[in-house]
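There are 2 protein chains.
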Amino acid sequence: MHINQLSVAELATEQNSLQQQYNALKARNLALDLTRGKPCTEQEDLSNALDGILKGDYFTADGSDTRNYGGLDGLPEARALFSEVLGTRAGETLVGGNSSLTLMYSVVEFALSEGLAGAASAWGNNDTVKFLCPVPGYDRHFSICEHLGIEMVTVPMLDSGPDMDRVEELVQQDHAIKGLWCVPRFSNPTGCVYSDDTVERIARLGLIAGDQFLVMWDNAYAVHTLYDDAPKLASISDFCRKHGTMDNVIQFGSTSKITFAGAGVSYLATSERNLAALKAHLAFQTIGPDKVNQLRHVRFLADMKTLAGHMAAHAAHISPRFDCVLEALTRELSGRGMGEWTSPRGGYFISFNTLPGQARKVVQLAGAIGVKLTPAGATFPYGEDPEDSNIRLAPTYPSLEDVKAAIESFVVCVKLAAVEDRLQRKA
Amino acid sequence: MHINQLSVAELATEQNSLQQQYNALKARNLALDLTRGKPCTEQEDLSNALDGILKGDYFTADGSDTRNYGGLDGLPEARALFSEVLGTRAGETLVGGNSSLTLMYSVVEFALSEGLAGAASAWGNNDTVKFLCPVPGYDRHFSICEHLGIEMVTVPMLDSGPDMDRVEELVQQDHAIKGLWCVPRFSNPTGCVYSDDTVERIARLGLIAGDQFLVMWDNAYAVHTLYDDAPKLASISDFCRKHGTMDNVIQFGSTSKITFAGAGVSYLATSERNLAALKAHLAFQTIGPDKVNQLRHVRFLADMKTLAGHMAAHAAHISPRFDCVLEALTRELSGRGMGEWTSPRGGYFISFNTLPGQARKVVQLAGAIGVKLTPAGATFPYGEDPEDSNIRLAPTYPSLEDVKAAIESFVVCVKLAAVEDRLQRKA
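Going down the list, the sequences are from chains A and B. Numbers 1 to 427, taken from my numbering, label the letters of the first sequence in order. Numbers 1 to 427, taken from my numbering, label the letters of the second sequence in order.
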């Protein structure tokens, strides 16, 4: 029954029952963890062939030696392959080291302190620099802004992506806004895929917000589908070319959730003008990325068809975990008015919203019985969720059995918090 | 005969003969390159076992999975091994990605903009920030300073290392000086090894120059000996501990010239305080380095004895090239007063000084007959050698045959420039 329909007596009865279930869970001394958006061991095993795949042949198709220095923008064959993943052109794509976060940090730091179009374009010339952050979102994006002194302005995340009416209104009003963070496919944590209309409106933002505006398009889950009905993402490059805004968008990705989480390759795509500026900046910091590892990846992932088969093998590990979480949430919470959740068709996360003001309590209740959840607020800038309702669930790393135990426990905590809250309000 | 002893007629005769030799070289259409301080293909081959060495076992001694995320300071076993290379402690050593240049850039950028000991310690709080640069030195060190707006003050490089009288005088006089670049063993390009006294005086600089002073100790050639009589380098850590200046020194190194130039691992060592500050900063930019490649390196290099054997195999490729260069220089230029050169016992370079004002001309003469040399001035800040005399010779990459042809041509150019110069002065 919906929580709004329960009498005080019925609420008290349910509280009593939930408290018993909670105590029973506590007695089990669980040690479960739904915090980490990282691949499970079986997923890592899928790429074990990487080490040794070169069989002594360290040379590229054009005969260059990947072992030696050089090649700031990566191997030509790696640029070709990963530009296909991003839906860009090889000449507009740079392939780097093991972390796209490093590329993102470099871009923001460079745009801030030196400027993508020369010193006059540096964001740091202004007293205040702001970024738009769709919420809930990815904490490491927010940390980059906070660390570099960029103010964050939140906009609501809808099922279609960021609330574009609000985004357009804000960039028109406030020219201190220089950027927008996006995870356009299977957004972290809601799992939404930006609609074609949203993608086009984002591609047009440079026309409204000015030359210095930069969309940080973190396409981390570009090929990370879990179900056949997963929505496709429109090509932002195509829209940018149409509207003449290639300089206003930088796309990122990595193989962290394709091959090895910590030992993959990262990539970045943008206009040739931006790429030249970034390369000139990167040249002071490195002689080049690990091209041997890029060659391993090219040999291993080969082409988009091989890569798709590999991603299907990942999905075979992840989708049962997603199914397990979604089944438990639906079974236990559907129609009860105690919370809402997303049903992503890919990616690594499920986003759960408790009733307002209960996220911290749910996380605390779960922690006290050995079920570690991502801290409430982590999906918001400065760790502050004004509604105190969003919780990011990350079911990929634990075993299926542990995911099941964790989500059953989570559901009890959600219900207990909701019922207690209702009782307090009625008291 | 010494050039000073030659009459005009003798000079003219020698010029004529040299011009004929030069023309003959030109007719050979050479395409030789002594510019690149990079290992030759045979050296890269020495580490071919790296790819595939894991044989499917991606786990560390303590059972952690190198494939997954995490471990900002590197694998424990990698920290242990490379702290031995640097002569530091594992707990004071961080192991990173494929480029020590990246670590160096990060350190300077961090000390400048944020401060190793909090915001009040940031060099950027001062209007002017200066670094001491022993010359001749390494162009990429100078480029970092130039890119980040740090003024460079040169000090002479002696056979014992930087001229410490001058260094101490400068840091006492000018508190805008915040750093000193060092390549302490087989310095780039002179190949000198800092004397024990110099190392101790550098370790004491923090006591004179103040808390914010930082020695950038780029120990790039720590284990890169070519001959058995190569001088050892004193441990700067030991001296720093003695004088209480651990916070004033950061040591760097990499396996770029141990395993693969572009696909090795880098490392950094400093006080635990500095290391904690750097890690907190790096955490915004990366989730961790490529630990799989670190594990490969630990399995491959194993211990200091195995590593020494591996370095001896490198030396077997490099020392004949050094011998060839030094033999030609000695044979053709010894006692002739046309230039001076160093005879390094390790490292990658030989430093040659022409008579004052002739380096650019020699480089130009050599280039015109197909022998590419490092641009004159490259070993000085802003590319400006006030004497126009230093030329860095890098004989490791070309075949021995090409090194021989290149150095024979170089010698002709040096002589021709010297004789023409003398004739002009006498005219």
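We put the CB at the ideal spot given by N, CA and C, even for glycine.
Looking at chain B, which residues of the segment 127 to 139 of chain A have a Cβ within less than 7 Å of any of its Cβ atoms?
Hits within the stretch: zero.
How about D388 (chain A) and R360 (chain A): are their beta carbons less than 8 Å apart?
Numbered from 1 along the first sequence, position 388 holds the residue referred to as residue 388 (chain A). Numbered from 1 along the first sequence, position 360 holds the residue referred to as residue 360 (chain A). Yes. Within cutoff.
Contact defined as beta carbons within less than 8 Å: I believe I287 (chain A) pairs with L101 (chain B). What is the distance between those atoms, to the nearest angstrom?
Here residue 287 (chain A) refers to the residue found at position 287 of the first sequence. Here residue 101 (chain B) refers to the residue found at position 101 of the second sequence. So it is a contact: roughly 6 Å between Cβ atoms.
Helix, strand or coil for L214 (chain A) per DSSP?
By 1-based counting over the first sequence, the position of residue 214 (chain A) is 214. If DSSP states are grouped into helix, strand and coil, L214 (chain A) belongs with the strands.
8 Å is my cut-off, CB to CB: does S99 (chain B) come that close to chain A?
The sequence position of residue 99 (chain B) within the second sequence is 99, counting from 1. It does: the Cβ of S99 (chain B) has a partner Cβ on chain A nearer than 8 Å.
Can at least three beta-carbon pairs, one atom from the segment 117 to 130 of chain B and one from the segment 292 to 299 of chain B, be found at a separation below 8 Å?
Touching, no, given that fewer than three Cβ pairs across the two stretches are closer than 8 Å.
Taking only runs that begin and end inside the segment 123 to 155 of chain B, name each unbroken beta strand (DSSP E) of 3 or more residues, in chain order.
With a minimum length of 3 residues, the continuous beta strand (DSSP E) runs that stay inside the segment 123 to 155 of chain B are 130 to 135.
Where does V419 (chain B) land, buried or exposed, given buried means 16+ other C-beta within 10 angstroms?
Translated into positions along the second sequence, residue 419 (chain B) becomes position 419. V419 (chain B) is buried by the Cβ-count criterion.
Would E429 (chain B) count as contacting chain A if we go by Cβ distances under 8 Å?
A query on residue 429 (chain B) cannot be resolved here, the shown segment of chain B reaching from 1 to 427 and no further.
For A261 (chain B), decide whether its Cβ has a neighbour in chain A, counting only Cβ atoms nearer than 8 Å.
What you label residue 261 (chain B) is simply residue 261 of the second sequence in a count that begins at 1. A261 (chain B) counts as touching chain A.
Residues bridged to D33 (chain B) by DSSP?
For this step, residue 33 (chain B) is matched to residue 33 along the second sequence. Its beta-bridge partners are B:K372.
Would you say D51 (chain A) lies against chain B (beta-carbon separation less than 8 Å)?
Counting from 1 along the first sequence, the entry for residue 51 (chain A) is found at position 51. With 8 Å as the cut-off, D51 (chain A) counts as an interface residue toward chain B.
With DSSP as the reference, please indicate the residues paired to Q251 (chain A) in a beta bridge.
In the first sequence, the residue the question calls residue 251 (chain A) occupies position 251. Paired residues: A:W217 and A:A269.
Counting contacts by CB-CB distance shorter than 8 Å, is L46 (chain A) in contact with chain B?
As a working note, residue 46 (chain A) is residue 46 in the first sequence. It does not: the Cβ of L46 (chain A) has no partner Cβ on chain B nearer than 8 Å.
In angstroms with no decimal places, state the Cα-to-Cα distance between I177 (chain B) and G124 (chain B).
By 1-based counting over the second sequence, the position of residue 177 (chain B) is 177. By 1-based counting over the second sequence, the position of residue 124 (chain B) is 124. Roughly 12 Å between the two C-alpha positions.
Starting from the Cα of D385 (chain A), find the closest Cα among A:T225, A:I3 and A:V153 and give me that residue.
Taking the first sequence and counting its residues from 1, one reaches residue 385 (chain A) at position 385. Checked all of A:T225, A:I3 and A:V153; the closest Cα to D385 (chain A) is A:V153.
So with CB distances below 7 Å, who are the chain B contacts of R67 (chain A)?
Along the first sequence, one-based indexing puts residue 67 (chain A) at 67. Going along chain B in sequence order, the residues near R67 (chain A) (Cβ under 7 Å) are E44, F260, A261, G262 and A263.
Using DSSP with H/G/I as helix, E/B as strand and the rest coil, what is T225 (chain B)?
As a working note, residue 225 (chain B) is residue 225 in the second sequence. Here T225 (chain B) sits in strand by DSSP.
Using the Cα positions of L226 (chain A) and Y194 (chain A), report the straight-line distance between them to the nearest angstrom.
As a first step, residue 226 (chain A) must be located in the first sequence, where it is residue number 226. As a first step, residue 194 (chain A) must be located in the first sequence, where it is residue number 194. Roughly 17 Å between the two C-alpha positions.
Leaving out five residues on either side along the sequence, give the residues of the same chain with a beta carbon under 8 Å from the beta carbon of K426 (chain A).
By one-based count along the first sequence, residue 426 (chain A) stands at place 426. The residues are V8 and L11.
Across which residues does DSSP place T354 (chain A) in a beta bridge pair?
For the purposes of this step, residue 354 (chain A) is taken as the residue at position 354 of the first sequence. Beta-bridge pairing links T354 (chain A) to A:G339.
Measure the beta-carbon distance from P39 (chain A) to A261 (chain A) and round it to whole angstroms, keeping in mind my assumption that it falls under 8 Å.
Locating residue 39 (chain A) in the first sequence gives position 39, where the first residue counts as 1. Locating residue 261 (chain A) in the first sequence gives position 261, where the first residue counts as 1. P39 (chain A) to A261 (chain A), Cβ: 5 Å. Contact.
P431 (chain B) by DSSP, collapsed to three states: which one?
Shown here, chain B extends from 1 to 427; a query on residue 431 (chain B) therefore has no answer.
Using C-beta distances below 7 Å, list every residue in its chain close to H317 (chain A), excluding the 5 sequence neighbours before and after it, in chain order.
Stepping through the first sequence from its first residue, residue 317 (chain A) is reached at position 317. Result list for H317 (chain A): C40, E42 and Q43, in chain order.
Here's a check: name, in chain order, each residue in its chain whose Cβ is nearer than 6 Å to the Cβ of A31 (chain A), leaving out the five neighbours to either side.
As a working note, residue 31 (chain A) is residue 31 in the first sequence. G370.
Along the chain, where does the beta strand (DSSP E) containing R392 (chain A) start, and where does it finish?
Against the first sequence, residue 392 (chain A) aligns to sequence position 392. First-last of the beta strand (DSSP E) with R392 (chain A): N390 to L393.
Going along chain A in order, which residues have a C-beta closer than 7 Å to the C-beta of G115 (chain B)?
The residue you call residue 115 (chain B) lines up with position 115 of the second sequence. The contacting residues do not exist; G115 (chain B) stays about 14 Å from chain A at best.
Since V95 (chain B) sits in a beta bridge, which residues does DSSP pair it with?
For the purposes of this step, residue 95 (chain B) is taken as residue 95 along the second sequence, with counting starting at 1. BP columns for V95 (chain B) point to B:Y267.
Does the contact criterion of 3 or more C-beta pairs under 8 Å hold for the segment 89 to 100 of chain B versus the segment 254 to 272 of chain B?
Because the criterion of three Cβ pairs below 8 Å is met, the segment 89 to 100 of chain B and the segment 254 to 272 of chain B touch.
Tell me the residue span of the beta strand (DSSP E) that contains C40 (chain A).
Your numbering for residue 40 (chain A) matches position 40 in the first sequence. Neither: C40 (chain A) is in no beta strand (DSSP E) and is coded neither H nor E.
Using only the alpha-carbon positions, how far apart do D127 (chain B) and A269 (chain A) sit?
Taking the first residue of the second sequence as position 1, residue 127 (chain B) is located at position 127. Taking the first residue of the first sequence as position 1, residue 269 (chain A) is located at position 269. Computed Cα separation, rounded: 36 Å.
Which word fits I208 (chain B), buried or exposed, when buried means at least 16 other C-beta atoms lie within 10 angstroms of its C-beta?
In the second sequence, residue 208 (chain B) corresponds to position 208, counting from 1. Looking at its Cβ environment, which holds fewer than 16 other Cβ atoms inside 10 Å, I208 (chain B) is exposed.
Would V284 (chain B) pass as an interface residue toward chain A - the criterion being a Cβ-Cβ separation below 8 Å?
By one-based count along the second sequence, residue 284 (chain B) stands at place 284. With the sequence shown as reference, residue 284 (chain B) is identified as Phe, and Val is not the correct amino acid for it. So yes, F284 (chain B) belongs to the interface.
Could you name the residues of chain B that S143 (chain A) contacts, counting a contact when the two beta carbons are closer than 7 Å?
Sequence index remark: in the first sequence, residue 143 (chain A) carries index 143 (1-based). Residues of chain B passing the Cβ test: F284.
Apply the 10 Å Cβ neighbour rule to N248 (chain B) and answer buried if 16 or more other Cβ atoms are within range, or exposed otherwise.
Translated into positions along the second sequence, residue 248 (chain B) becomes position 248. Buried, because 16 or more other Cβ atoms sit within 10 Å of the Cβ of N248 (chain B).
Look at V411 (chain A) and L329 (chain A) and say whether their C-beta atoms are less than 8 Å apart.
To locate residue 411 (chain A), count along the first sequence from 1; it is residue 411. To locate residue 329 (chain A), count along the first sequence from 1; it is residue 329. Yes, these two residues count as a Cβ contact at 8 Å.
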